[in-house]
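Residue numbers (the numbering used here): 70 to 274.
Beta carbons are placed, not taken as given, at the ideal position from N, Cα and C, and that holds for glycine.
The model shown is predicted, which means the values in this text are computed figures rather than measured ones.
Shown next, in structure tokens, is the structure this report addresses.
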Amino acid sequence: MAVASNFHSQLVGWLKILLPLAALMLLSTLFLFARGDRGTQTIPFADIDAAAAEQRIAAPRFSGLTNTGDTIQITAAAARPDAAGGPQVSIDRPSLSLDATDGTTLRVTAGSGAIDTQSRVAHLSGLARVETSSGYTMETAGLVADMTSGTVTSDGALEVHAPYGQLEAGQVTFSAGQDGAGQQMNFTKGVKLVYTPSAAPAKDN
Numbered sequence: 070m071a072v073a074s075n076f077h078s079q080l081v082g083w084l085k086i087l088l089p090l091a092a093l094m095l096l097s098t099l100f101l102f103a104r105g106d107r108g109t110q111t112i113p114f115a116d117i118d119a120a121a122a123e124q125r126i127a128a129p130r131f132s133g134l135t136n137t138g139d140t141i142q143i144t145a146a147a148a149r150p151d152a153a154g155g156p157q158v159s160i161d162r163p164s165l166s167l168d169a170t171d172g173t174t175l176r177v178t179a180g181s182g183a184i185d186t187q188s189r190v191a192h193l194s195g196l197a198r199v200e201t202s203s204g205y206t207m208e209t210a211g212l213v214a215d216m217t218s219g220t221v222t223s224d225g226a227l228e229v230h231a232p233y234g235q236l237e238a239g240q241v242t243f244s245a246g247q248d249g250a251g252q253q254m255n256f257t258k259g260v261k262l263v264y265t266p267s268a269a270p271a272k273d274n
């Protein structure tokens, strides 16, 4: 009887330990299955499809030489090809640089733009800002850049801060000079100049 009583006491002791452990394991299993079901139902397939469908290139760079040997380059924050498969590439926050063989430079920044990869023509819009190595800074609504000839033309009127004062014009065209004459600026369509003598560069004696 003493042996049976001792065995019964040991069995009860073990059951007190094993039964709570078994219950805990069962609850853990049910919890894992429940989490697995919810996860399967909430996979964001729509988000995955949208990300795959969006063709976007970060920090693109388009560069080459003009037919006069000048270096022209356009960089942007991002570029997106035409969804219909056309030659147009949309660009965000583009910057254009034109380095002429005579050492003069042209820098343009804009809010947005597009490049036609077949015609090699870029349209920069969204308040284009222009700086030249000769000391001119200007703002205009947009610019058209021919990457083959290196000709850059404003879409409309512009305000210019020149080394000799303020200038307003309906249009400006930057082009390569003839016979290596360097980069040329041609202001047209109602040019208005406010000359400021103090702003003009001093002449050497």
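Express the C-alpha separation of Arg125 and Tyr240 in angstroms, rounding to a whole number.
-> Tyr is not the amino acid found at residue 240; the sequence shown has Gln there. Distance between the alpha carbons of Gln240 and Arg125 is about 33 Å.
In chain order, what residues of the same chain lie with their CB nearer than 8 Å to the CB of Thr206, ignoring the 5 residues before and after it?
-> Arg198, Val199, Glu200, Val229, His230
Is the closest heavy atom of the ligand ADP to the C-beta of Arg130 under 7 Å?
-> Summarising the ligand content, the structure contains no ligands, and the ligand ADP is consequently not present.
Proximity to Gln195 [Cα-Cα], best of Pro156, Asp168, Pro232, Asp224 = Note that residue 195 is Gly in the sequence shown here, rather than Gln. Here the closest residue by C-alpha is Asp224.
Beta-carbon gap between Val221 and Ala210 smaller than 8 Å = no
Going by beta carbon distance, what residues of the same chain come within less than 6 Å of Gly259, once the five residues before and after it are set aside?
-> Gly239
DSSP on Pro266, reduced to helix/strand/coil?
-> helix
Ignore the nearest five residues each way along the sequence and tell me which others in Gly234's own chain have a CB closer than 7 Å to its CB.
-> Leu262, Val263, Tyr264, Thr265, Ala268
Report all residues from its chain with a CB closer than 6 Å to the CB of Asn255; omit the five preceding and five following residues, and keep chain order.
-> Thr242
According to DSSP, what are the bridge partners of Gly133?
-> Ile141
What first and last residue would you give for the beta strand (DSSP E) that runs through Glu214?
-> The identity of residue 214 in the sequence shown is Ala, whereas the question assumes Glu. Unbroken beta strand (DSSP E) run through Ala214: 206–215.
Other residues of its chain near Asp161: CB distance less than 7 Å, five sequence neighbours each side excluded | Ala145, Ala146, Ala147, Ser181
Provide the residue(s) that pair with Gly234 in DSSP beta bridges, ordered along the chain.
-> Ala231, Tyr264
Using DSSP bridges, identify the partner residues of Gln197.
-> It is Ala, not Gln, that sits at residue 197 in the sequence shown. In DSSP, Ala197 forms a bridge with Thr209.
Starting from the C-beta of Gly155, find all residues in its chain whose C-beta is less than 8 Å away, skip the five residues before and the five after it, and write them out in chain order.
-> none
Span of the beta strand (DSSP E), counted from its first residue to its last, around Gln240 = 240–245
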